[in-house]
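In what follows, a structure is listed as C-alpha cells, so that the remarks can point back to it.
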Amino acid sequence: MVGLVDCNNFYVSCHRSFDPSLEGKPVIVLSNNDGCVVARSNQAKELGITMGKPLFQIEDVIKAHQVKIFSSTYPLYGDMSARVMGILGRFVEEVEIYSIDEAFLNLAGYDRVYPDRVALAQQIRSTVAQWTRIPVSVGIAPTKTLAKVANWYAKRELMHNGVLELTDPSAIQAALEEFAVEELWGVGHRYAGLLKRNGIKTAWQLSQVHDVWIQKHMTVNGLRLAYELRGTPCRQLELEPAKKKSICTAPSFGRLVPDLATIKEALATHVARAAEKLRRQHSTAGVMTVFLHTNRFKDKEKQYYNSRTVELPHPTASTSELLHYAGAALESIYQEGYEFQKVGVILSDFTPENHRQPGLYSGSLDERLVKLSGVMDKLNTRHGRDKVRLAAQGFCPTWQMKQQWLSPCYTTRWKDILVVK
DNA sequence: TCTGGGGTCCTAGGACCC
DNA sequence: TCTGGGGTCCTAGGACCC
C-alpha cells in the first residue's frame with residue numbers, strides 16, 4: 001500500500017504561509033525571468049489563468065481582479081519542502097521524496113500501528129498544516145499510479161476532505177472510469193492524442209487494452225502504467241535519491257545580449273553554479289557542452305543556435321578548469337550580429353570523485369584546483385552565494401534575470417525574519 | 001516590450017566484434 | 001533458388017516528469 005502526499009498549489013502556499021493576508025485571494029507565482037505562470041491559487045485558477053501562460057497575455061485579468069504576483073524564489077520553496085518532508089518522516093519509516101512538493105509513503109506493514117489509514121492521513125494533514133501552514137492532499141492505493149489517481153480526486157473533490165483511499169476493486173474501477181486518460185501519470189499530450197484517436201478516453205479503458213498494443217505504441221513504460229492501473233506494482237519506492245547523470249545550468253538573460261564579453265560573464269557564472277552542483281554530489285565530469293541561442297519567439301529576427309561539446313582531458317569538478325574549456329567552446333560558436341537570449345552549460349559523463357584519474361602531467365595542480373573549489377564552496381555556503389568567486393564572473397552583472405516581484409526571504413535572511421508583535 | 005528550467009528513460013538503426 | 005548467429009556500443013529522436 002502506497003500513500004502519495006502532494007502539497008496544494010505549493011509555491012503559492014509557501015508565500016501564504018508567511019503572509020496570511022493572501023488567503024482566499026487570487027495569487028500566482030512566475031517562472032524565472034517573470035515569464036510564465038508556474039503556480040496558481042485556486043482563486044487564480046477560477047479566473048481561467050492556466051499553467052504555463054505567459055504573463056503578458058493575462059495582464060487584463062490581473063488588473064481586473066487584483067491578482068497578487070510573486071517571482072519564484074527557490075530558497076524559500078526548498079526550505080519549506082524540507083520541513084514538510086521532515087514531518088512525513090515522523091509518521092512512516094520509508095518516504096520517497098519524488099519532487100519538491102510530492103512524496104510517496106510506504107504504508108505496507110503498518111496495519112497494526114495505523115489500522116485506519118485515512119485517519120493517519122488526516123493526522124499527517126493537520127500536523128503539516130499546523131507546523132508549516134502548507135495544505136496537502138493524500139491519495140492511498142496499492143500502486144503509485146493509483147495513488148496518484150486517488151490524490152487527484154482528494155485534491156479536487158471537497159467531500160473527501162483532502163484524503164482518498166482506493167483499495168477495493170469496485171472503487172478503483174469507478175474512479176478510473178471517470179478519470180480522463182490525459183490526466184494519468186505517464187501520459188503526455190502526444191500519447192493522449194494517440195489514445196483518443198483510438199477511442200481510449202478513460203484510464204479504465206486504457207487498463208483494458210491488450211498488452212501488445214500498449215507496448216507497441218507506448219513502449220514498456222506504457223505497459224508498466226497499464227499494470228499499475230490493474231493493481232500490479234511496477235514502480236518501486238526509491239528511497240535513495242539517485243545521483244544525477246547530467247547537470248544543466250542555463251537561465252535566460254534578463255534582456256537580449258549581443259556582445260561576447262557579457263555572454264562570457266554569464267557563462268562563467270553558470271559554469272560556477274553547475275560545478276557547485278557537481279561537487280555537491282561528489283562527482284566529476286568528463287564531458288561539457290556549451291550552447292548559445294537567440295529568442296525563438298522573435299520570428300522576425302534572425303535566429304541562431306549552436307553548441308559545442310568538449311571531451312575534457314581528464315574528469316574534473318574544478319570551476320576554474322571547467323571555465324577554461326567553457327570559454328574556448330563559447331568563442332568557437334559565438335557569432336556577431338545576433339541578439340542572444342541564453343547561454344548554457346551541460347556537464348555529463350560523470351565519475352565519482354574518489355575514482356578520479358588525475359592528469360598525467362598535472363596531478364598536483366589538479367589536487368590544488370579541487371581543494372580550491374572546495375574551500376570556495378565552504379565560504380559561500382557560510383557567507384552567501386558568490387561571496388568568493390572567479391573574476392571572470394564579473395562584478396556588476398547586467399544580464400541577470402528579472403525578478404520584479406520578489407517576496408522577503410523569510411527563512412534565509414536574518415533581516416527578513418517575521419517579527420511577532 | 002513581454003513566452004522557464006532541469007531532468008530521465010526508451011527505441012531504432014548503424015557500426016562494429018567474433 | 002540458396003548467403004549465419006549472436007553480441008555490444010553509440011547516437012539521435014521522441015516520449016515523459018515536476
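Counting in UniProt numbering, the first sequence runs from 1 upward without gaps.
For each residue, glycine too, the CB sits at the ideal point set by N, CA and C.
{"Item": "Of the listed residues Asp6, Val388, His270, nearest to lysine 342 (C-alpha basis)", "Value": "His270"}
{"Item": "Whole-angstrom distance between lysine 63 and asparagine 32, CA atom to CA atom", "Value": "21 Å"}
{"Item": "Opposing strand residues paired with threonine 289 [DSSP bridges]", "Value": "Thr309, Ile346"}
{"Item": "Inter-residue Cα distance where the pair is threonine 219 and glycine 186", "Value": "11 Å"}
{"Item": "Cβ contact (3+ pairs, closer than 8 Å) linking the stretch 202-214 and the stretch 233-253", "Value": "no"}
{"Item": "Inter-stretch contact (C-beta, 8 Å, three-pair minimum) for the stretch 318-337 and the stretch 390-405", "Value": "yes"}
{"Item": "Any 3 or more C-beta pairs closer than 8 Å across the stretch 17-36 and the stretch 52-71", "Value": "yes"}
{"Item": "Whole-angstrom distance between threonine 262 and lysine 298, CA atom to CA atom", "Value": "21 Å"}
{"Item": "Three-way DSSP call (helix, strand, coil) for tyrosine 98 in this model", "Value": "strand"}
{"Item": "Among Val138, Asp259, Val67, nearest to leucine 88 - alpha-carbon criterion", "Value": "Val138"}
{"Item": "Beta-carbon gap between aspartate 366 and histidine 314 smaller than 9 Å", "Value": "yes"}
{"Item": "For alanine 103, the residue or residues it bridges with in DSSP", "Value": "Val5, Ile97"}
{"Item": "Runs of beta strand (DSSP E) wholly within the stretch 137-201 (minimum 3 residues, chain order)", "Value": "163-165"}
{"Item": "Continuous alpha helix (DSSP H) stretch holding isoleucine 214: start and end", "Value": "211-229"}
{"Item": "Nearest-angstrom Cα separation, counted from leucine 107 out to proline 241", "Value": "19 Å"}
{"Item": "Residues sharing a beta bridge with phenylalanine 70, DSSP", "Value": "Val29"}
{"Item": "Endpoints, the beta strand (DSSP E) within which serine 246 is located", "Value": "246-249"}
{"Item": "Where histidine 282 falls: helix, strand or coil (DSSP)", "Value": "coil"}
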